[in-house]
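Below is one structure, written out as structure tokens; the observations come after it.
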Amino acid sequence: MSPIQRRALLMRALALGAATTLPGCNYEDPNHPDLADDFLHAMSYWNDRVQQALFDPHTLAPTFRPDQITNPPRFNAFYSISQAPVVDPATYRLQLGGQIRDQTPWTLAALNALPQTSQITRLVCVEGWRVIGQWSGVPLSDFLRRVGADTTCRYVSFQCADGYYSSIDMESALQPQTILALQFLGAPLTPPFGAPVRLRIPTKLGFKNPKSIVQLAVTNVYPGGYWEDQGYNWFSGS
Amino acid sequence: MKPTRKPIHPWPVRLTHWLNALAIVMMIGSGWQIYDASPLFGFRFPPLITIGGWLGAAIAWHLAFMWLLVVNGLVYFTYSAATGHFRKFFPLSPRAVWQDFRAALRFRLPHEKGVYNAIQRLLYLGVLAAGVVIVLSGLAIWKPVQLWFLCDLMDGYRIARYVHFFAMAVIVSFTCIHVLLVALVPKVLPPMLTGGRQEP
Numbered sequence: 043m044s045p046i047q048r049r050a051l052l053m054r055a056l057a058l059g060a061a062t063t064l065p066g067c068n069y070e071d072p073n074h075p076d077l078a079d080d081f082l083h084a085m086s087y088w089n090d091r092v093q094q095a096l097f098d099p100h101t102l103a104p105t106f107r108p109d110q111i112t113n114p115p116r117f118n119a120f121y122s123i124s125q126a127p128v129v130d131p132a133t134y135r136l137q138l139g140g141q142i143r144d145q146t147p148w149t150l151a152a153l154n155a156l157p158q159t160s161q162i163t164r165l166v167c168v169e170g171w172r173v174i175g176q177w178s179g180v181p182l183s184d185f186l187r188r189v190g191a192d193t194t195c196r197y198v199s200f201q202c203a204d205g206y207y208s209s210i211d212m213e214s215a216l217q218p219q220t221i222l223a224l225q226f227l228g229a230p231l232t233p234p235f236g237a238p239v240r241l242r243i244p245t246k247l248g249f250k251n252p253k254s255i256v257q258l259a260v261t262n263v264y265p266g267g268y269w270e271d272q273g274y275n276w277f278s279g280s
Numbered sequence: 580m581k582p583t584r585k586p587i588h589p590w591p592v593r594l595t596h597w598l599n600a601l602a603i604v605m606m607i608g609s610g611w612q613i614y615d616a617s618p619l620f621g622f623r624f625p626p627l628i629t630i631g632g633w634l635g636a637a638i639a640w641h642l643a644f645m646w647l648l649v650v651n652g653l654v655y656f657t658y659s660a661a662t663g664h665f666r667k668f669f670p671l672s673p674r675a676v677w678q679d680f681r682a683a684l685r686f687r688l689p690h691e692k693g694v695y696n697a698i699q700r701l702l703y704l705g706v707l708a709a710g711v712v713i714v715l716s717g718l719a720i721w722k723p724v725q726l727w728f729l730c731d732l733m734d735g736y737r738i739a740r741y742v743h744f745f746a747m748a749v750i751v752s753f754t755c756i757h758v759l760l761v762a763l764v765p766k767v768l769p770p771m772l773t774g775g776r777q778e779p
């Protein structure tokens, strides 16, 4: 995707309207950083490190009551709801890559057969709004240990059916509330909300919760992310 | 022997004043752009007066300049506490404020170099308090999980956004009055640049 196309998508996703865009502002072209971009990158890297230091694996994200759940849930992506990918659950496979010993792809049935956990947590969007939802699925730490992932690696990366991609730090990946979500409100995830498998990580902003994950990898090579590569802070912890 | 005359504004006050001016222009401009991504009220800030151009860049500016705002603010507070600079804002009584307010309305509020009248004391203390509130609420919005106690203090994430917004409104209002008064009494500007000398 060219930077121009990306920017067009971005603007649509922000739903600000193209009229609010000023030409010549920062992070305009990620491939040609100017002095301001370099400054912002350096500060963002510093903020990653501060957030990593601030991160306490024992601090749990707050949980909420069932009556506080936002229903219907709020859709948000870099495309409109009608363009959300539809993955066939029967043929779905979760591919594994990187520093993982057993890279056998996982079917949805196999994932559903693993011990599940449920949470009512808050999803805070980088735009400022927040929703509360009930997700259940497999704790990512359990899954990583089961497949023999090298948890001394720095990153867990995700590729999605819609072309989205993102990555998180290993410490956040192992936090007990970080799950590979399979259900919302006790029913299988639906296509616009991340079917069949999404990451639910209440200690990070919404865009760090990739949907419709088709590949998971463990690596020491910085994987970046769809929004992160355009200038959003990588760690983006809550 | 020359009488020792203290500067009206010692250099640490001047330095932190102007760094703070830069920080709040950047923070407010980028903050307005961030607000526009998910407005709390039925209006948006026009793009001409926002900084960043789009949400990603606005957040990057906001989270970069927050360090200048906070570190500079801490230097100012530490300096002021250590040197007794805060004494310039006291005593402050409602009666004195009322008297000076009435005098100000009649344009009869005298301005003595290096001494703050009751209105100034009230405004400066008010904007300092708003500065503390805006930093605490901003941290609560940035880190509602890790800094959960700040988020609780603000009565939750959503309320913290409103607190942050209103603290911004207080600071913007102060800045408008502050700049207007400097325009009306321009002799107060040079001492903030050079330090000035108190009348013996």
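Protein chains in written order, with the numbering used here: chain X, 43 to 280; chain W, 580 to 779.
Think of the CB as a built atom: it goes at the ideal place given N, C-alpha and C, for glycine as much as any other residue.
Note down the Cα distance separating residue i from residue j, rounded to an integer number of angstroms.
i: L653 of chain W; j: G621 of chain W; result: 35 angstroms
i: P233 of chain X; j: A119 of chain X; result: 12 angstroms
i: L598 of chain W; j: P244 of chain X; result: 36 angstroms
i: P114 of chain X; j: F668 of chain W; result: 52 angstroms
i: W633 of chain W; j: P252 of chain X; result: 22 angstroms
i: A660 of chain W; j: R666 of chain W; result: 9 angstroms
i: P65 of chain X; j: F745 of chain W; result: Its pLDDT being 37, under 50, P65 of chain X is placed unreliably by the model, and the measurement read from it follows with that caveat. Approximately 30 angstroms between the Cα atoms of the pair.
i: I720 of chain W; j: V714 of chain W; result: 10 angstroms
i: P770 of chain W; j: I587 of chain W; result: 7 angstroms
i: A151 of chain X; j: P131 of chain X; result: 9 angstroms
i: T133 of chain X; j: L216 of chain X; result: 28 angstroms
i: L627 of chain W; j: D211 of chain X; result: 37 angstroms
i: A709 of chain W; j: P589 of chain W; result: 23 angstroms
i: L153 of chain X; j: G140 of chain X; result: 20 angstroms
i: V173 of chain X; j: P108 of chain X; result: 13 angstroms
i: P765 of chain W; j: H757 of chain W; result: 11 angstroms
i: H690 of chain W; j: I603 of chain W; result: 26 angstroms
i: N89 of chain X; j: N651 of chain W; result: 17 angstroms
i: R737 of chain W; j: P99 of chain X; result: 24 angstroms
i: P72 of chain X; j: D79 of chain X; result: 8 angstroms
i: A675 of chain W; j: E70 of chain X; result: 53 angstroms
i: N275 of chain X; j: Q678 of chain W; result: 51 angstroms
i: A697 of chain W; j: W727 of chain W; result: 38 angstroms
i: W188 of chain X; j: T149 of chain X; result: The question names Trp, yet the displayed sequence has Arg at residue 188 of chain X. The alpha-carbon atoms of R188 of chain X and T149 of chain X are separated by roughly 15 angstroms.
i: Y655 of chain W; j: L760 of chain W; result: 23 angstroms
Going by beta-carbon coordinates alone, are residue i and residue j separated by less than 8 angstroms?
i: Q219 of chain X; j: L102 of chain X; result: yes
i: A616 of chain W; j: G273 of chain X; result: no
i: W171 of chain X; j: Q225 of chain X; result: no
i: G663 of chain W; j: Q777 of chain W; result: no
i: A203 of chain X; j: S254 of chain X; result: yes
i: G190 of chain X; j: I142 of chain X; result: yes
i: L182 of chain X; j: A259 of chain X; result: no
i: N262 of chain X; j: Y197 of chain X; result: yes
i: V543 of chain W; j: G705 of chain W; result: Missing from the structure shown is residue 543 of chain W; chain W here goes from 580 to 779 and no further.
i: Y658 of chain W; j: P591 of chain W; result: yes
i: R164 of chain X; j: P147 of chain X; result: no
i: V166 of chain X; j: P670 of chain W; result: no
i: A237 of chain X; j: P230 of chain X; result: yes
i: S209 of chain X; j: S199 of chain X; result: yes
i: G847 of chain W; j: M747 of chain W; result: No information on residue 847 of chain W is available, as it lies outside the stretch 580 to 779 that chain W covers here.
i: A636 of chain W; j: T629 of chain W; result: no
i: F81 of chain X; j: A643 of chain W; result: yes
i: R584 of chain W; j: G774 of chain W; result: no
i: H641 of chain W; j: I613 of chain W; result: yes
i: G179 of chain X; j: R242 of chain X; result: yes
i: V742 of chain W; j: V711 of chain W; result: no
* **Cβ pair count under 8 angstroms reaching 3, the region 152-165 of chain X against the region 262-279 of chain X** => no
* Asked: For the region 736-747 of chain W, which residues have a CB atom closer than 7 angstroms to at least one CB atom of chain X, in sequence order?
  -> Using a CB distance below 7 angstroms, the part of the region 736-747 of chain W facing chain X consists of Y736, R737 and R740, ordered along the chain.
* Interface positions of the region 213-233 of chain X facing chain W (Cβ-Cβ less than 8 angstroms), listed along the chain -> none
* Which residues, in chain order, does the region 605-636 of chain W contribute to contact with chain X at a C-beta distance below 9 angstroms? -> Q612, I613, Y614, D615, A616, S617, P618, L619, R623, P625, P626, L627, T629, I630, G631, G632, W633, L634, G635 and A636
* To do: Could you name the residues of the region 639-650 of chain W whose beta carbon sits closer than 8 angstroms to any beta carbon of chain X, in the order they occur along the chain?
  => A639, W640, L642, A643 and W646
* Asked: Using Cβ-Cβ distances below 9 angstroms, what residues of the region 267-279 of chain X are close to chain W?
  -> W269, Q272, G273, Y274, N275 and G279
* Mind listing, in chain order, the continuous alpha helix (DSSP H) runs of no fewer than 4 residues lying wholly within the region 169-217 of chain X? => 182-188 and 212-215
* Give the residues from the region 108-121 of chain X that approach chain W closer than 9 angstroms (Cβ to any Cβ), ordered along the chain. => none
* Closer than 7 angstroms, Cβ to Cβ, to anything on chain X: give me those residues from the region 714-725 of chain W, in chain order. => K722, P723, V724 and Q725
* the region 732-740 of chain W in contact with the region 674-688 of chain W per 3-pair CB rule at 8 angstroms -> no
* To do: For the region 142-159 of chain X, enumerate the residues whose C-beta is nearer than 9 angstroms to any C-beta of chain W, in chain order.
  => Cβ contacts with chain W come from no residue of the region 142-159 of chain X.
* Asked: For the region 674-693 of chain W, which residues have a beta carbon sitting closer than 9 angstroms to at least one beta carbon of chain X?
  -> none
* Pull out every residue of the region 168-192 of chain X whose Cβ sits closer than 8 angstroms to any Cβ of chain W, in chain order. => Of all residues in the region 168-192 of chain X, those with a C-beta nearer than 8 angstroms to a C-beta of chain W are V168, E169, G170, W171 and R172, reading in chain order.
* To do: Note down, in chain order, all residues in the region 69-82 of chain X with a beta-carbon under 8 angstroms from any beta-carbon belonging to chain W.
  => Y69, E70, F81 and L82
* Near-chain W residues of the region 88-101 of chain X (beta-carbon distance less than 7 angstroms), N- to C-terminal order -> Answer set for the region 88-101 of chain X: N89, L96, F97, D98 and T101.
* To do: Any chance you could list the alpha helix (DSSP H) runs of at least 4 consecutive residues sitting entirely within the region 607-689 of chain W, in chain order?
  => 634-662 and 673-684
* Asked: Name the residues in the region 120-135 of chain X whose C-beta lies less than 7 angstroms from a C-beta of chain W; which are they?
  -> none
* To do: Within the region 215-246 of chain X, note down every full beta strand (DSSP E) run reaching 3 residues or more, in order along the chain.
  => Here the runs fully enclosed are 221-226 and 240-242.
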